[in-house]
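Residue numbers (full-length UniProt numbering), protein chains in the order written: chain P, 1 to 245; chain G, 1 to 245; chain E, 1 to 245; chain X, 1 to 245.
Here a beta-carbon is modelled for each residue, glycine too, at the ideal position from N, C-alpha and C.
Protein chains: 4
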Amino acid sequence: MGESAQDHASEVKGGPVKANPYNWPYNGNLKPDNTALVVIDMQVDFCSPGGYVDKMGYDLKAMRNPIEPIQNILKVMRAEQYPVFYTREGHRPDLSDLPPNKRWRSQNIGAGIGDPGPCGRILVRGEPGWDVIPELAPLPGEIIIDKPGKGSFYSTDLELILNMRGVKNLILVGVTTDVCVHTTMRDANDRGLECLLVADCTGATDIGNHESALKMITMQGGVFGAYTDSKQLLRGLKMTTESTS
Amino acid sequence: MGESAQDHASEVKGGPVKANPYNWPYNGNLKPDNTALVVIDMQVDFCSPGGYVDKMGYDLKAMRNPIEPIQNILKVMRAEQYPVFYTREGHRPDLSDLPPNKRWRSQNIGAGIGDPGPCGRILVRGEPGWDVIPELAPLPGEIIIDKPGKGSFYSTDLELILNMRGVKNLILVGVTTDVCVHTTMRDANDRGLECLLVADCTGATDIGNHESALKMITMQGGVFGAYTDSKQLLRGLKMTTESTS
Amino acid sequence: MGESAQDHASEVKGGPVKANPYNWPYNGNLKPDNTALVVIDMQVDFCSPGGYVDKMGYDLKAMRNPIEPIQNILKVMRAEQYPVFYTREGHRPDLSDLPPNKRWRSQNIGAGIGDPGPCGRILVRGEPGWDVIPELAPLPGEIIIDKPGKGSFYSTDLELILNMRGVKNLILVGVTTDVCVHTTMRDANDRGLECLLVADCTGATDIGNHESALKMITMQGGVFGAYTDSKQLLRGLKMTTESTS
Amino acid sequence: MGESAQDHASEVKGGPVKANPYNWPYNGNLKPDNTALVVIDMQVDFCSPGGYVDKMGYDLKAMRNPIEPIQNILKVMRAEQYPVFYTREGHRPDLSDLPPNKRWRSQNIGAGIGDPGPCGRILVRGEPGWDVIPELAPLPGEIIIDKPGKGSFYSTDLELILNMRGVKNLILVGVTTDVCVHTTMRDANDRGLECLLVADCTGATDIGNHESALKMITMQGGVFGAYTDSKQLLRGLKMTTESTS
Numbered sequence: 001m002g003e004s005a006q007d008h009a010s011e012v013k014g015g016p017v018k019a020n021p022y023n024w025p026y027n028g029n030l031k032p033d034n035t036a037l038v039v040i041d042m043q044v045d046f047c048s049p050g051g052y053v054d055k056m057g058y059d060l061k062a063m064r065n066p067i068e069p070i071q072n073i074l075k076v077m078r079a080e081q082y083p084v085f086y087t088r089e090g091h092r093p094d095l096s097d098l099p100p101n102k103r104w105r106s107q108n109i110g111a112g113i114g115d116p117g118p119c120g121r122i123l124v125r126g127e128p129g130w131d132v133i134p135e136l137a138p139l140p141g142e143i144i145i146d147k148p149g150k151g152s153f154y155s156t157d158l159e160l161i162l163n164m165r166g167v168k169n170l171i172l173v174g175v176t177t178d179v180c181v182h183t184t185m186r187d188a189n190d191r192g193l194e195c196l197l198v199a200d201c202t203g204a205t206d207i208g209n210h211e212s213a214l215k216m217i218t219m220q221g222g223v224f225g226a227y228t229d230s231k232q233l234l235r236g237l238k239m240t241t242e243s244t245s
Numbered sequence: 001m002g003e004s005a006q007d008h009a010s011e012v013k014g015g016p017v018k019a020n021p022y023n024w025p026y027n028g029n030l031k032p033d034n035t036a037l038v039v040i041d042m043q044v045d046f047c048s049p050g051g052y053v054d055k056m057g058y059d060l061k062a063m064r065n066p067i068e069p070i071q072n073i074l075k076v077m078r079a080e081q082y083p084v085f086y087t088r089e090g091h092r093p094d095l096s097d098l099p100p101n102k103r104w105r106s107q108n109i110g111a112g113i114g115d116p117g118p119c120g121r122i123l124v125r126g127e128p129g130w131d132v133i134p135e136l137a138p139l140p141g142e143i144i145i146d147k148p149g150k151g152s153f154y155s156t157d158l159e160l161i162l163n164m165r166g167v168k169n170l171i172l173v174g175v176t177t178d179v180c181v182h183t184t185m186r187d188a189n190d191r192g193l194e195c196l197l198v199a200d201c202t203g204a205t206d207i208g209n210h211e212s213a214l215k216m217i218t219m220q221g222g223v224f225g226a227y228t229d230s231k232q233l234l235r236g237l238k239m240t241t242e243s244t245s
Numbered sequence: 001m002g003e004s005a006q007d008h009a010s011e012v013k014g015g016p017v018k019a020n021p022y023n024w025p026y027n028g029n030l031k032p033d034n035t036a037l038v039v040i041d042m043q044v045d046f047c048s049p050g051g052y053v054d055k056m057g058y059d060l061k062a063m064r065n066p067i068e069p070i071q072n073i074l075k076v077m078r079a080e081q082y083p084v085f086y087t088r089e090g091h092r093p094d095l096s097d098l099p100p101n102k103r104w105r106s107q108n109i110g111a112g113i114g115d116p117g118p119c120g121r122i123l124v125r126g127e128p129g130w131d132v133i134p135e136l137a138p139l140p141g142e143i144i145i146d147k148p149g150k151g152s153f154y155s156t157d158l159e160l161i162l163n164m165r166g167v168k169n170l171i172l173v174g175v176t177t178d179v180c181v182h183t184t185m186r187d188a189n190d191r192g193l194e195c196l197l198v199a200d201c202t203g204a205t206d207i208g209n210h211e212s213a214l215k216m217i218t219m220q221g222g223v224f225g226a227y228t229d230s231k232q233l234l235r236g237l238k239m240t241t242e243s244t245s
Numbered sequence: 001m002g003e004s005a006q007d008h009a010s011e012v013k014g015g016p017v018k019a020n021p022y023n024w025p026y027n028g029n030l031k032p033d034n035t036a037l038v039v040i041d042m043q044v045d046f047c048s049p050g051g052y053v054d055k056m057g058y059d060l061k062a063m064r065n066p067i068e069p070i071q072n073i074l075k076v077m078r079a080e081q082y083p084v085f086y087t088r089e090g091h092r093p094d095l096s097d098l099p100p101n102k103r104w105r106s107q108n109i110g111a112g113i114g115d116p117g118p119c120g121r122i123l124v125r126g127e128p129g130w131d132v133i134p135e136l137a138p139l140p141g142e143i144i145i146d147k148p149g150k151g152s153f154y155s156t157d158l159e160l161i162l163n164m165r166g167v168k169n170l171i172l173v174g175v176t177t178d179v180c181v182h183t184t185m186r187d188a189n190d191r192g193l194e195c196l197l198v199a200d201c202t203g204a205t206d207i208g209n210h211e212s213a214l215k216m217i218t219m220q221g222g223v224f225g226a227y228t229d230s231k232q233l234l235r236g237l238k239m240t241t242e243s244t245s
């Protein structure tokens, strides 16, 4: 990276949440009316023994580390009445919405989508493995988006619901950092939504990918938005609450 | 990454193009009727002195390295009558399609979208900086997709045209690896398109991000498709041509 | 309408199903591999006493007339293994996907979406009124699309599934002719899908609107496709089956 | 229609513009910040001798009657600084975005899209016939949406731009009432946009279709929004201006 890019990025600008490469949100406008938390794919299949990620042979620890910091954020944001969204990756039981290349790849790696496993059929809606993990169970009234892909906007009603709610800012947590969280962040960003990824509330199947996914956000002055950690987010939310009460 | 994931990924499966983590395309069905080359954002603003990337202070070399290998691929794929698509990132002159956070970030880093620069207004349609670089100029009949975002599907007619042509496979080249190329690959992949990124025909503003963008593709058995280099692609295309002639 | 338009439209062209303004499909390519039946919104709320349409004060007869001809088509198309899709209009129980103007209008007319009624909460997913009527109950393996709007493509996975199946032609039946059937036909047509509306398998809250919805299809040489009746459709399907067996 | 439906519809509710079946907009919130005028397809190909509609043999009078009332609306809405959008139906010169069935139908009726005609190649971008008619020429800074289909949202950046502007209400004029105006109204309505069609500012290739297109709007309490005429619209806009100045 050139010198001038680094210099610009290090200036303190933006909103109440200390973040990288700018303090978030860019326009300082952060409140329950315009900001939602999105908890991405914290499902048994991604986070628990016997699920899809476990069957592929990845270490589950990186998937489970975000649980506690997400709980901390949920507690505060629920209390402050920020809307909470959940997403679940999964396919129809007949697999009619499963692209054949996605199926083929999962079979190659020993975790065929739709095949039976310890948590039921892998990544299939209605199976035990497809549920959100009990540690992060959605409350009644929280919105669950079922998606067939990695992004949360494609083939779902997420955009409609965000528009109806007047949501302008998204706080993104969940797994995996570089796949579903990042794809959702990119697609939201293209729609003009202002996005914040909370690093310790996310995890990836490879630690290098996790770190690079964070760094990618900071290019071009925040090409997909910004990232922070849960401590800074909670501090920023607290400042916001106090200043408006 | 666990052992079993690595073992599965190293098995030789798939199509005529040697690639990582599987030989591409997965089903071996590669021909001009179902496969398109997509040249992403090889514009003056991204690849030439005085443009957007240069003004942000990044090294242009990584943007220009892909030019020659893309020329090699274009030569062969045009001769074999594969359809060629180009994308250009850019905004309407009135900036009505420019999200305010995207503008703010670009201003912060010293390269405000819509502001005047040595190549005209930055990232604005119709300006000199927005053109595809002359080294890779599209031929008459090649399709250009103008997009306001990082992904090539959002707010464009790309999906319609691909469907009308019966395209099932996309070969992706251009810049930057981790931003517009990757976002397009992710959005194409969610739609069931089978994608191949050609590593030496892409470049990023940060070499670590470039390498991580490649590695991310290989997770989960090829979560977004596969990647290769131009030498392997040309070898695979040649095999395909010979076997069908 | 001018003379020359009428003359052109009356020429016999197109596929095996006699239809207006051309015989369908335009390219003669009609088979279970590329053609799907879509049964639109034949739900208790639209077709049965106590439901949404009944509460608005419309005559249910027009909603129920299509039941028998749809049964006839289902019998034949299921036997020939054409894929069958169903759509259901309905909203999330928290009404997060219900535009406020849609709610306001429904309240004005005395049938507030989300309000309790004899068939449960009106147009809410999971309620008795939201089910497909038992006379046309989907079989296991038939695909149900839940949609928040009048069109079947917006905020749904219909396009993904049609693309995965290679569907090019849609045969449209259900209610109401001028609202959900027509909006779906228009949106499918814009995507290049070849559409046929089966007139006696549809119905509207106003007979004049029903007839005009048919006529609109015939403008500009078939601006949204073509329409026929169930007798002609069954004849065309039979010809197709015999010629390929 | 049943009695109760009619009774409800005739009650006076809603906003400052007298309309049918309710006064528009439903929530009374009408101002340049949240409301746009959309002038649909008032192109030479639809409205002038030698264009697409003329070649199909339809009477051009119905296409030209809306010109004067649209001019009246434009004058007032421009003065009050309401944003003005234009749409143009048209295809890429290589016809890559033209579905083959659409082409086939247009050829059948003697006005093949892409074929040469007195106004240039029919419905092709860049040709004389594709231009907006000079009587209604867009002013600099007014937004033009080029669309390949009948709806204005599919394969375009319209939704992005409306969201960036905070537009919630659309006032629709242009041609043809039952095809492009209605499809756009339906697709906007599904997205929660509050729509008003101005009847004398629209026209159809068949007068019966025009009238039915209006009536369809009024079903279900205003299933796609409401319709009015230019006199009532101007009166409502005037009331709005006076009450806020």
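Integer Cβ distance of residue 169 (chain G) from residue 34 (chain G), believed to fall under 8 angstroms: Here residue 169 (chain G) corresponds to residue number 169 of the second sequence, with the count starting at 1. Here residue 34 (chain G) corresponds to residue number 34 of the second sequence, with the count starting at 1. Going by Cβ atoms, the distance from residue 169 (chain G) to residue 34 (chain G) rounds to 6 angstroms, so yes, they are a contact pair.
Chain P contacts from the region 108 to 121 of chain G (Cβ-Cβ distance under 9 angstroms): Those residues of the region 108 to 121 of chain G that come within reach of chain P (Cβ to Cβ, closer than 9 angstroms) are 108, 109, 110, 111.
Any 3 or more C-beta pairs closer than 8 angstroms across the region 55 to 64 of chain E and the region 105 to 122 of chain E: Contact holds between the region 55 to 64 of chain E and the region 105 to 122 of chain E, because three or more Cβ pairs, one in each stretch, are under 8 angstroms apart.
Spatial distance of residue 99 (chain G) from residue 42 (chain E) (CA atoms): Counting from 1 along the second sequence, the entry for residue 99 (chain G) is found at position 99. Counting from 1 along the third sequence, the entry for residue 42 (chain E) is found at position 42. When rounded, the distance between both Cα atoms is 41 angstroms.
CB contact below 8 angstroms: residue 96 (chain E) versus chain P: Counting from 1 along the third sequence, the entry for residue 96 (chain E) is found at position 96. Output row for residue 96 (chain E): interface = yes.
Backbone CA spacing between residue 70 (chain P) and residue 124 (chain P) [nearest angstrom]: By one-based count along the first sequence, residue 70 (chain P) stands at place 70. By one-based count along the first sequence, residue 124 (chain P) stands at place 124. Between residue 70 (chain P) and residue 124 (chain P), the C-alpha separation is close to 24 angstroms.
Buried or exposed by the 16-neighbour rule on C-beta atoms within 10 Å, applied to residue 116 (chain E): Here the question's residue 116 (chain E) lines up with position 116 in the third sequence. Residue 116 (chain E) should be labelled exposed.
Closer than 9 angstroms at the beta carbon, the chain X residues around residue 192 (chain P): Walking along the first sequence from the start, residue 192 (chain P) turns up at place 192. Against chain X, a Cβ distance below 9 angstroms from residue 192 (chain P) picks out 160, 163, 164.
C-beta neighbour in chain X for residue 106 (chain E), strict 8 angstroms: For the purposes of this step, residue 106 (chain E) is identified with residue 106 of the third sequence, where counting begins at 1. Yes, because at least one Cβ of chain X sits closer than 8 angstroms to the Cβ of residue 106 (chain E).
Classification of residue 194 (chain G) by the beta-carbon crowding that lies within 10 angstroms, buried from 16 upward: Position 194 of the second sequence, counting from 1, holds the residue named residue 194 (chain G). Buried.
Partners in chain E for residue 156 (chain P), counting only beta-carbon separations shorter than 8 angstroms: On the first sequence, residue 156 (chain P) is found 156 positions in, with the first residue counted as 1. Within chain E, the residues near residue 156 (chain P) are 155, 157.
Contact with chain G by residue 174 (chain X), beta-carbon distance below 8 angstroms: Reading the fourth sequence from its first residue, position 174 is the one you call residue 174 (chain X). Output row for residue 174 (chain X): interface = no.
Segments of 4+ residues assigned as alpha helix (DSSP H) that fall wholly inside the region 36 to 108 of chain E: Those alpha helix (DSSP H) runs which fall completely within the region 36 to 108 of chain E and span 4+ residues are 44 to 47, 52 to 55, 61 to 64, 67 to 79, 100 to 108.
Buried or exposed by the 16-neighbour rule on C-beta atoms within 10 Å, applied to residue 242 (chain G): As a first step, residue 242 (chain G) must be located in the second sequence, where it is residue number 242. A residue is called buried when at least 16 other Cβ atoms come within 10 angstroms of its Cβ; residue 242 (chain G) does not meet this threshold and is exposed.
Pairwise C-alpha distance: residue 212 (chain E) and residue 209 (chain X): Indexing the fourth sequence from 1 puts residue 209 (chain X) at position 209. Indexing the third sequence from 1 puts residue 212 (chain E) at position 212. About 6 angstroms.
Inter-residue spacing [alpha-carbon to alpha-carbon] between residue 25 (chain E) and residue 217 (chain E): As a first step, residue 25 (chain E) must be located in the third sequence, where it is residue number 25. As a first step, residue 217 (chain E) must be located in the third sequence, where it is residue number 217. Answer to the nearest angstrom: the Cα atoms are 14 angstroms apart.
Under 7 angstroms by beta carbon: chain X residues contacting residue 212 (chain E): Along the third sequence, one-based indexing puts residue 212 (chain E) at 212. Within 7 angstroms Cβ-Cβ: 208, 209, 212.
Chain X residues whose Cβ lies nearer than 9 angstroms to that of residue 13 (chain E): Locating residue 13 (chain E) in the third sequence gives position 13, where the first residue counts as 1. For residue 13 (chain E), the C-beta contacts it makes with chain X under 9 angstroms involve 104, 108, in order along the chain.
Inter-stretch contact (C-beta, 8 angstroms, three-pair minimum) for the region 181 to 201 of chain E and the region 178 to 192 of chain P: Contact fails: fewer than three Cβ-Cβ distances are below 8 angstroms.
Chain P contact for residue 183 (chain G) (CB, 8 angstroms cutoff): By 1-based counting over the second sequence, the position of residue 183 (chain G) is 183. Yes, because at least one Cβ of chain P sits closer than 8 angstroms to the Cβ of residue 183 (chain G).
C-alpha distance - residue 235 (chain X) paired with residue 164 (chain X), whole-angstrom precision: Within the fourth sequence, the letter at position 235 stands for residue 235 (chain X). Within the fourth sequence, the letter at position 164 stands for residue 164 (chain X). Roughly 28 angstroms separates the two Cα atoms.
Residue 214 (chain X) and residue 226 (chain X) closer than 8 angstroms at C-beta: Taking the first residue of the fourth sequence as position 1, residue 214 (chain X) is located at position 214. Taking the first residue of the fourth sequence as position 1, residue 226 (chain X) is located at position 226. In this structure, residue 226 (chain X) does not lie closer than 8 angstroms to residue 214 (chain X) by Cβ.
Cut-off 7 angstroms between Cβ atoms - residues of its own chain near residue 10 (chain X), not counting five sequence neighbours on either side: As a first step, residue 10 (chain X) is located in the fourth sequence; it is residue number 10 there, counting from the start. Per-residue confidence for residue 10 (chain X) stands at a pLDDT of 47, beneath the threshold of 50, marking its modelled position as unreliable; no derived number is given.
Residue 312 (chain P): contacting residues in chain E (beta-carbon distance under 8 angstroms): With chain P covering 1 to 245 only, the question about residue 312 (chain P) has no answer from this structure.
Close beta carbons around residue 143 (chain X), own chain, < 8 angstroms, minus the five adjacent residues each side: As a working mapping, residue 143 (chain X) is identified with position 143 in the fourth sequence. Answer for residue 143 (chain X): 83, 84, 85, 86, 161, listed in chain order.
9 angstroms Cβ cut-off: residues of chain X touching residue 43 (chain E): As a first step, residue 43 (chain E) must be located in the third sequence, where it is residue number 43. Neighbours of residue 43 (chain E) on chain X: none; closest Cβ ~14 angstroms, over 9 angstroms.
Residue environment, residue 177 (chain G), which counts as buried when at least 16 other CB atoms sit within 10 Å: Locating residue 177 (chain G) in the second sequence gives position 177, where the first residue counts as 1. Counting every other CB atom within 10 Å of its CB across the protein chains shown gives residue 177 (chain G) a total of 16 or more, marking it as buried.
Proximity to residue 90 (chain E) [Cα-Cα], best of E:233, E:148, E:120: For this step, residue 90 (chain E) is matched to residue 90 along the third sequence. Sorting E:233, E:148, E:120 by C-alpha distance to the C-alpha of residue 90 (chain E) places E:148 at the top.
Beta strand (DSSP E) runs wholly inside the region 181 to 217 of chain G, at least 3 long, in chain order: Those beta strand (DSSP E) runs which fall completely within the region 181 to 217 of chain G and span 3+ residues are 194 to 203.
Beta-carbon proximity list for residue 78 (chain P), same chain, < 8 angstroms, skipping 5 on both sides: Within the first sequence, the letter at position 78 stands for residue 78 (chain P). Excluding residues within five positions, the ones whose Cβ falls inside 8 angstroms are 84, 139.
Endpoints, beta strand (DSSP E) assigned at residue 272 (chain X): Outside the modelled stretch of chain X, which goes from 1 to 245, sits residue 272 (chain X), for which no answer is possible.
Residue 243 (chain E) (DSSP reduced to helix, strand or coil): In the third sequence, residue 243 (chain E) corresponds to position 243, counting from 1. Helix.
Residue-level contact to chain G via CB, residue 101 (chain P), 8 angstroms cutoff: Numbered from its first residue, the first sequence carries residue 101 (chain P) at position 101. So, interface residue.
CB contact flag (residue 63 (chain E), residue 151 (chain E), <8 angstroms): To locate residue 63 (chain E), count along the third sequence from 1; it is residue 63. To locate residue 151 (chain E), count along the third sequence from 1; it is residue 151. No, Cβ-Cβ distance for residue 63 (chain E) and residue 151 (chain E) is not below 8 angstroms.
Residue 38 (chain E) vs residue 172 (chain E) beta-carbon contact at 8 angstroms: To locate residue 38 (chain E), count along the third sequence from 1; it is residue 38. To locate residue 172 (chain E), count along the third sequence from 1; it is residue 172. Yes, they are a contact pair.
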